[in-house]
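Under the working numbering, the first residue of the sequence shown carries the number 2, and numbering increases by one thereafter. The structure under discussion appears below in the form of structure tokens.
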Amino acid sequence: MPAPANGTAASAQSEDDASSPLELPAIARAYLEHVRVVKRLAPRTVALYQLDLEKLHARALDAGVSLEEVQAHHIRAWAARMHAGGRTPRGIALILSGWRGFYAWLGREGRIATNPVQGVRAPKAAKRLPKALPVDDAVQLAEFTNESADPWLEARDAAMVELLYGCGLRVGELVGLDVGASAEAAQAGRGWIDREAGEAHVTGKGRKRRSVPVGRAALAALDHWLAVRGAAQPTEPLFVGRRGTRLTAQSIWQRLRRRAQLAGLSAPVHPHMLRHSYASHLLQSSGDLRAVQELLGHASITSTQVYTRLDFQHLARAYDAAHPRAKATRKSKSKPD
């Protein structure tokens, strides 16, 4: 069961957040003891459970019912009230998840016949489109060279950018790359670059292995980095810090953000944005959704289809900028009545 969380929007504080904590009934305290001792959840998680049970108890008191007497229509009304009060759909979903777990436990204890939260769902949240760089910005970042930087760091960071954008790697996959192939890397789920074949072998989500092509620019940047870095064994990490230890995902985030600023990009860039850019730009050029799915390592085509919406936005902008009838529409709208 996921940990509950307070999902209130910053601009809208619901009335139950301002109230002082209520003394929970014995049954709620017994449940918190259960998750603490039997399920051995972290203290922070138990504290979040308690906060959401306090909200549940307060609403039950307002409705004149005990926790065991709460029905589905109560839960639906309270979810609607949270939504009207400004709580985010995700925040409501997490609270409902906490309540659902509490009532599932009550059912196992024989205290209730049905779980009143079982069929209640939070409002649907609008799906956010992944943020991708325009092609020109992505190329500008990939081609950027910091002449004043330490050559060792510059070679490393340039190779990281080329692999993130040129191969669509997740930051965890980039972190997990070794200098070369080895039985140890395969067993540990790490990846490597086959420079002769021009392929990256990585382990993605669910320990699913895949191979993706590595372009000429990325291979050239990688060869330059390895030459500057010096001799290294195949089992050593591909990207390391000054002390020779494997770079962390956080370090790569920081280096990439700084590099994008130096390259003159206005948007804050993170590793997954380069993966989104890789997918979007491939789809714009090829239109082959299945191929993009395989290159990204998505288990379901549904995960890849989000990039068709990005592609449509790109086409709509191109139409608006270039088509004579689109221009005519804009001119007619600008004329006074």
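Glycine is no exception: its CB is placed at the ideal position from the N, C-alpha and C atoms. Bear in mind that the values here come from a model prediction, so they are computed numbers and not experimental data.
For A201, the enclosing beta strand (DSSP E) covers residues E200 to T204.
Between the alpha carbons of G167 and G216 lies a gap of roughly 7 angstroms. Between the alpha carbons of K125 and P238 lies a gap of roughly 42 angstroms.
With a cutoff of 9 angstroms on beta-carbon distance, L49 and G99 are scored as near each other.
In the three-state DSSP reduction, I96 falls in the helix class (H, G or I). Closest option to H225, judged by alpha-carbon separation, among P152, P117 and L54: P152.
Distances from the alpha-carbon of R210 to those of E197, L220, Q188 and R196 put Q188 closest.
Around the CB of G111, fewer than 16 other CB atoms lie within 10 Å, so the residue is classed as exposed. Sorting T146, T89 and A78 by C-alpha distance to the C-alpha of V118 places A78 at the top. Below 8 angstroms, enough C-beta pairs join the stretch 191-204 and the stretch 163-182 to call them touching: three or more. In the same chain as P26, and ignoring 5 residues on each side of it, the C-beta atoms closer than 8 angstroms to its own belong to H58, S67 and L68, in chain order. Of the other Cβ atoms in all chains shown, fewer than 16 fall within 10 Å of the Cβ of Q251; this residue is therefore exposed. Nearest in C-alpha terms to L134, of all of A232, P272, L296 and S287, is P272.
If you ignore the 5 residues before and after L266, its C-beta comes within less than 8 angstroms of the C-beta of L134, D138, Q141 and L142, all in its own chain and listed in chain order. A distance of 9 angstroms or more separates the beta carbons of A201 and L227. R210 is bridged by DSSP to T204. CA-to-CA, the gap between E155 and S183 works out to about 27 angstroms.
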